[in-house]
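**Student:** Quick note: the sequence shown uses my numbering, first residue 6, plus one each step.
Glycine included, each C-beta is placed from N, C-alpha and C at the ideal position.
Small disclaimer: the values here were computed from a predicted structure and weren't measured.
Starting off with a structure, shown below.
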Amino acid sequence: MTKIPFHYQIVAGIFGGVIFGFLFPDFVFLAKPFGVIFLKLLKLMVVPLIFVSLVDGITRVGSAEKLSVLGIRTTVFYLATNGLAVITSLILVNLIRPGDGVKIFGDKSEAIQTVGGMPDLIPQNFFQALAKGDTLQIIFVAILFGVGLVALKEKGKRLAELFSDLNEWILVLVGFMMKLAPLGVFGLLAGMVQAFDWQAVIGVGKFVLTLLLGLLIHGGITLPLFFKTFSTRPLKKFISDMEPALFTSFSTSSSAATLPVTMDCIEKRAKISKDIAGFVLPVGATVNMDGTAMYEATACLFMAQALGIDLSLGQQLLVFFTAALAAIGAAAIPSAGLVTLAMVLTAVHLPLEGIGFLLAIDRPLDMSRTVVNVWGDMVACAVVEGLEKKEKKDA
Ligand code: ASP
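Shown next, in the form of structure tokens:
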């Protein structure tokens, strides 16, 4: 019997879940546990994977000089694509004006209180950071440990090898878990379809379409242009290598939960080197969220339009900066972007009540923006790899 390729199995899981959720809402409770187990297993891997892969990645890069080049390239790529993403959304939302005449401030509103303060980068206690799963703090400690290990030179070799083995070990476990992916996404999608208020989404269809169009332009044109410019890899093959992670991000709405799969696709399927993947991906999953940035900008202007408020160019510039920042600050979990939206709305003095409404329709939007978030991290790996190759050729 010929085996169905893995990414088709996942697509079948996604469609199967949607159809099942629509046709048999009363039986969705049977499908849901598969989704819950799959998600829990992935989440189980996230904290050790971020820590171990970053320390391993940094020790592989091996010198302070190379490390700063890698760091600068990654940061510039992340900031540039993030900025372009927000600009795309601002242009679209000004052209389409999805908020005109829409009434969203009804009884449904429930103010969201939690506006994240400044991130607390340095943990008081490392084990607490691990236990809380505070990814920014874990990244901070991992970079510190990695740099320390590099400074140890020969003496640090054994420990560095241990981290490399640990990384392999985690990825093997992720491989086992991925076998569950088709069933897992089936359960997640069935649960999503059953629980969702579709009427509400249709009511703000223009807003949804504006956001999706922006995501499509960024994910389908802007990021591929970066890829084509800097990487020598064939794009089609790269996309097909990345499919399991892209589908997982869509189904889980979480860049963090997808990270183990992203790592697997980049290292095992595309065979991009571990020193790049180990640095670019954990950092990217935590801070690089182009899709979320687009969501923040679109939603903010949409709300202003719905309230009949015209934001000046200066105010839109403020939206640009706060949307980019809010995306960096958003946790890589479902609906995190909605919470940090409060920051953007506050910056331009818009009421926070509309967030309650957006919460009701968030899930499919979150699924879509998370795909672009993860796709951005993957393209970053290919771009950084392309730059390194070019540098070696020129040398
Ligand atoms: N769910 C998104 C992610 O994990 C964050 C967000 O936009 O809510 O990438």
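1) Could you tell me which whole alpha helix (DSSP H) segments of length 4 or greater appear in the region 306–338?
2) Less than 8 Å between the CB of T267 and some heavy atom of the ligand ASP, yes or no?
3) Can A365 and A205 be called in contact, C-beta distance under 9 Å?
4) For G62, does the count of other Cβ atoms within 10 angstroms reach 16, so buried, or fall short, so exposed?
5) What separation, rounded to the nearest whole angstrom, lies between the Cα atoms of V120 and V344?
6) For Y300, count neighbouring C-beta atoms within 10 Å of its own C-beta (all shown protein chains included) and say buried if the count is 16 or more, exposed if not.
7) Buried or exposed, going by whether 16 or more other CB atoms sit within 10 Å of the CB of L59?
8) Quick one: complete alpha helix (DSSP H) runs, 4+ long, within the region 65–107?
9) Counting only beta-carbon atoms, is T140 nearer than 9 Å to chain C?
10) Would you kindly report the start and end of the unbroken alpha helix (DSSP H) that includes G225?
11) My assumption, with CB atoms under 8 Å, is that Q320 sits in contact with R102. Please give the rounded CB distance.
12) Decide if the region 245–260 is in contact with the region 225–237; the criterion is three or more beta carbon pairs, one per stretch, under 8 Å apart.
13) Mapping the DSSP letters down to three states, classify H12 as helix, strand or coil.
14) Here's the rule: buried if 16 or more other CB atoms are within 10 angstroms of the residue's CB, otherwise exposed. What is N293?
15) Would you say the region 348–357 touches the region 258–266, given that touching needs at least three Cβ pairs under 8 Å?
16) With DSSP as the reference, label I19 as helix, strand or coil.
17) Nearest by alpha-carbon distance to P467: which of K37, G289 and W380 is it?
18) At a cut of 8 Å, does the region 371–379 reach the region 283–298 through at least three beta carbon pairs?
19) Anyone know if the C-beta pair for G40 and G189 falls short of 9 Å?
20) On the CB-based measure, 16 or more other CB atoms within 10 Å of its CB, does W380 come out buried or exposed?
21) Are the Cβ atoms of V98 and G219 separated by less than 9 Å?
22) I need the straight-line Cα distance from D367 to D202, nearest angstrom please.
23) Just to confirm my understanding: we take A328, look at its own chain, exclude 5 residues before and 5 after, and list those with CB closer than 6 Å. What are they?
24) Is S258 near S340, with beta carbons less than 9 Å apart?
25) Just to confirm before moving on: does the CB-CB distance between I9 and F191 stay below 9 Å?
26) Apart from the five residues just before and just after G88, which ones in its own chain have a Cβ nearer than 8 Å to its Cβ?
27) Where do the N-terminal and C-terminal ends of the alpha helix (DSSP H) with K241 fall, by residue?
28) Cβ of A261 within 8 Å of any heavy atom in the ligand ASP?
29) In angstroms with no decimal places, state the Cα-to-Cα distance between G405 and V376.
30) In three-state terms, what does DSSP make of G138?
31) Starting from L350 and walking both ways along the alpha helix (DSSP H), at which residues does that stretch end?
32) Return yes when at least one heavy atom of the ligand ASP lies under 8 Å from the C-beta of V379, else no.
33) Which class does Q129 belong to by DSSP, given the choice of helix, strand or coil?
34) What do you reckon, is the C-beta of S340 under 8 Å from a heavy atom of the ligand ASP?
35) Quick one: is the Cβ of Y300 within less than 8 Å of any heavy atom of the ligand ASP?
**Tutor:** In terms of the structure at hand:
1) 318–334
2) no
3) yes
4) buried
5) With a pLDDT of 42 at V120, under the threshold of 50, the modelled position of this residue cannot be trusted; read the value that follows with caution. Roughly 7 Å between the two C-alpha positions.
6) buried
7) buried
8) 69–101
9) Note that chain C does not occur in the displayed structure, where there is just one protein chain.
10) Note, G225: premise wrong, no alpha helix (DSSP H); not H, not E.
11) Not quite, the Cβ-Cβ distance comes to about 16 Å (not below 8 Å), so this is no contact.
12) no
13) helix
14) buried
15) no
16) helix
17) No answer is possible for residue 467: the residues shown for the chain start at 6 and end at 400.
18) yes
19) yes
20) buried
21) yes
22) 10 Å
23) V91, A298, E301, A302 and V349
24) yes
25) no
26) F325 and A329
27) L240 to T257
28) yes
29) The structure shown does not extend to residue 405, since the chain spans only 6 to 400, so no value can be given for it.
30) coil
31) A341 to A352
32) yes
33) coil
34) yes
35) yes
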